[in-house]
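Under this note's numbering, residue 1048 is the last one in the sequence shown; the count climbs by one each step, no gaps.
We put the CB at the ideal spot given by N, CA and C, even for glycine.
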Amino acid sequence: MSAVGLYVPGSGPLHRVPAGGKLLALLFVGVALVAAARLWVSLAVLVLAAAVYPLARLSLRHAYRVVRVLWPFLLGIAVFQALVGEWTEAVRLGAQLAALVLLANAVTLTTRVSAMFELFQNLARPLRRVGVDPDRVGLVLALTVRSIPMVGQAWRAAHEGYLARGLSGRPHLRVVPVIVQLLRMAEATGEALVARGMDESERER
């Protein structure tokens, strides 16, 4: 695993697809899922999303990890939908969300942060005419992509510590360590940016 995100080095077919192509395909699948609004389509895409991992030469452990973190949220959404609507709609919505999460995770696993940065930078280049700095836009979006696995790692660490101490019934004891860890990560990121001359004062000179 890369030190700057979830990127897993490899030579699989998905690794060789440009970042723009993968993000465009992810957007297309998301729009198609919402537009189709069919249970069988959602379940079929979910199966295909899981099959992407072995096809891309990625271990199924990566799919399991993201599902393990998100399944309580997916279950909660599905239960709420079943209570206010029909169970078929609950299954469809849960399958849609799970499929999109798995596909987005596969994109992250097979795309370097530097490639994301370059893509966002190129997309923002036309905005230079209205005073927008494409380098700064690309950096912000790349850091946003990078922060997603950082949040997951902080939550897993807090949860493991919570269980190791035998605590229960006090969920705030898990939330506070996550916030502290994220603040530390943000501070370290800020110091790294300053060291590279990306602070506001240096940009204005």
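- Taking 9 angstroms as the cut-off, the Cβ atoms of Val912 and Leu945 do not count as close.
- Residues of the same chain with their beta carbon placed closer than 7 angstroms to that of Val1019 are lacking, with the five preceding and five following residues left out of the count.
- Taking Leu952 as the centre and dropping the five residues before and after it, the same chain places the C-beta of Leu849, Tyr850, Val851, Leu901, His905 closer than 7 angstroms to its C-beta, in chain order.
- Rounded to the nearest angstrom, the Cβ distance from Phe960 to Leu982 is 7 angstroms, consistent with a contact under 8 angstroms.
- DSSP, reduced to helix, strand and coil, places Tyr907 within a helical segment of the structure shown.
- Taking all protein chains shown into account, Ser885 has 16 or more neighbouring C-beta atoms within 10 Å of its C-beta and is therefore buried.
- Membership of Arg968 in any alpha helix (DSSP H) is not indicated, and neither H nor E is assigned to it by DSSP.
- The alpha-carbon separation between Gly863 and Leu962 amounts to approximately 7 angstroms.
- The Cβ neighbour count for Arg935, taken over all protein chains shown within 10 Å, is at least 16; the residue is labelled buried.
- The continuous alpha helix (DSSP H) containing Ser885 extends over residues 882-898.
- Collapsing the DSSP output to three states places Leu1006 in a helix.
- Straight through space, the alpha carbons of Ala1001 and Leu1026 are spaced by roughly 14 angstroms.
- Judged by DSSP secondary structure, Arg935 falls within the alpha helix (DSSP H) whose first and last residues are 930-952.
- Secondary structure of Asp978 (DSSP, three-state): helix.
- Ranking Ala933, Phe916, Leu918, Ile1022 by CA distance to the CA of Gln924 puts Ala933 first.
- In this structure, Ala899 and Leu857 form a Cβ contact; the two beta carbons are roughly 4 angstroms apart against a cut-off of 8 angstroms.
- Its Cα nearest to that of Ile1022, the residue Arg999 stands out among Leu1006, Asp978, Arg999, Ile920.
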